[in-house]
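Below: the structure, in structure tokens.
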């Protein structure tokens with residue numbers, strides 16, 4: 014997918030990967046293992062695959078400074094909130110910890126909410142500012 018977008022003229026550093034649940038897990042894994050510099054990741058109600066054994070060396074140097082917005086409801090019955098917080102802590106050991114933002118949403122099950130969508134919008138606008146043609 015990243016390669017196709019680059020072929021379509023989108024620089025990889027203007028691409029944010031994102032997903033919910035398993036899609037978020039895949040987005041995190043891909044961003045941490047690709048050699049293409051990305052703008053960031055939006056990871057919703059998810060976990061980092063192989064969190065306990067994820068090797069530091071696998072993390073591509075291209076994305077050591079990428080930004081991650083991780084969102085998780087504290088009432089998630091499918092992907093426990095604890096998985097989200099553990100993933101956030103692990104991410105802080107793999108990339109620049111100041112670039113990892115974890116947001117929790119009180120009472121939110123395995124779902125999304127308007128507040129979360131606003132947080133995602135703000136994250137994307139910050140990481141991908143408008144390009145002005147001169």
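Numbering (our numbering), first residue to last: 14 to 147.
For every residue, glycine included, the Cβ atom is placed at its ideal position computed from N, Cα and C.
- Query: Among residues of its own chain, excluding the 5 on either side of residue 30, which ones have a beta-carbon nearer than 7 Å to its beta-carbon?
  - Reply: For the purposes of this step, residue 30 is taken as the residue at position 17 of the chain shown. Excluding positions up to five away in sequence, the list reads 40, 43, 44, 51 and 54.
- Message: Once DSSP output is grouped into helix, strand and coil, what is the label at residue 127?
- Response: Numbered from 1 along the chain shown, position 114 holds the residue referred to as residue 127. Of the three classes helix, strand and coil, the one that applies to residue 127 here is helix, per DSSP.
- Contacting residues, own chain, Cβ-Cβ under 7 Å from residue 25 (five flanking each side not counted): Residue 25 sits at position 12 when you count from the first residue of the chain shown. Correct list, in chain order: 15, 19, 49, 50 and 51.
- Message: For a quick check, are the C-beta atoms of residue 81 and residue 113 less than 7 Å apart?
- Response: Within the chain shown, residue 81 is the residue found at index 68, counting from 1. Within the chain shown, residue 113 is the residue found at index 100, counting from 1. Yes, the Cβ-Cβ distance between residue 81 and residue 113 is below 7 Å.
- residue 91 - containing beta strand (DSSP E), residue span: Against the chain shown, residue 91 aligns to sequence position 78. Looking at the DSSP string, residue 91 is not in any beta strand (DSSP E), and its letter there is neither H nor E.
- CB contact flag (residue 58, residue 123, <7 Å): Position 45 of the chain shown holds residue 58. Position 110 of the chain shown holds residue 123. Yes. Within cutoff.
- Between the beta-carbon of residue 97 and the beta-carbon of residue 121, is there less than 7 Å? Looking up residue 97 in the chain shown gives position 84. Looking up residue 121 in the chain shown gives position 108. Contact: no.
- Message: If contacts are defined as beta-carbon pairs under 8 Å, then residue 83 and residue 56 qualify, I think. What distance do you get, rounded to the angstrom?
- Response: Your numbering for residue 83 matches position 70 in the chain shown. Your numbering for residue 56 matches position 43 in the chain shown. Indeed, because the Cβ distance is near 5 Å, the residues count as touching under 8 Å.
- Query: Where do the N-terminal and C-terminal ends of the alpha helix (DSSP H) with residue 117 fall, by residue?
  - Reply: On the chain shown, position 104 is the one that residue 117 refers to. No alpha helix (DSSP H) contains residue 117, which is instead part of the beta strand (DSSP E) from 113-118.
- Does the distance from the CB of residue 61 to the CB of residue 116 come in under 7 Å? Residue mapping note: residue 61 aligns to position 48 of the chain shown, counting from 1. Residue mapping note: residue 116 aligns to position 103 of the chain shown, counting from 1. Cβ distance not < 7 Å, so residue 61 and residue 116 don't count as in contact.
- Task: Kindly indicate the opening and closing residues of the beta strand (DSSP E) around residue 56.
- Result: Working through the chain shown from its first residue, we reach residue 56 at position 43. First-last of the beta strand (DSSP E) with residue 56: 53-57.
- Given a threshold of 16 other Cβ atoms within 10 Å of its Cβ, counted over all protein chains shown, does residue 108 qualify as buried or as exposed? Against the chain shown, residue 108 aligns to sequence position 95. Residue 108 is buried by the Cβ-count criterion.
- Rounded to a whole number of angstroms, what is the C-alpha to C-alpha distance between residue 35 and residue 95? Residue numbering aside, residue 35 sits at position 22 when the chain shown is read from its first letter. Residue numbering aside, residue 95 sits at position 82 when the chain shown is read from its first letter. So the alpha carbons of these two residues sit roughly 16 Å apart.
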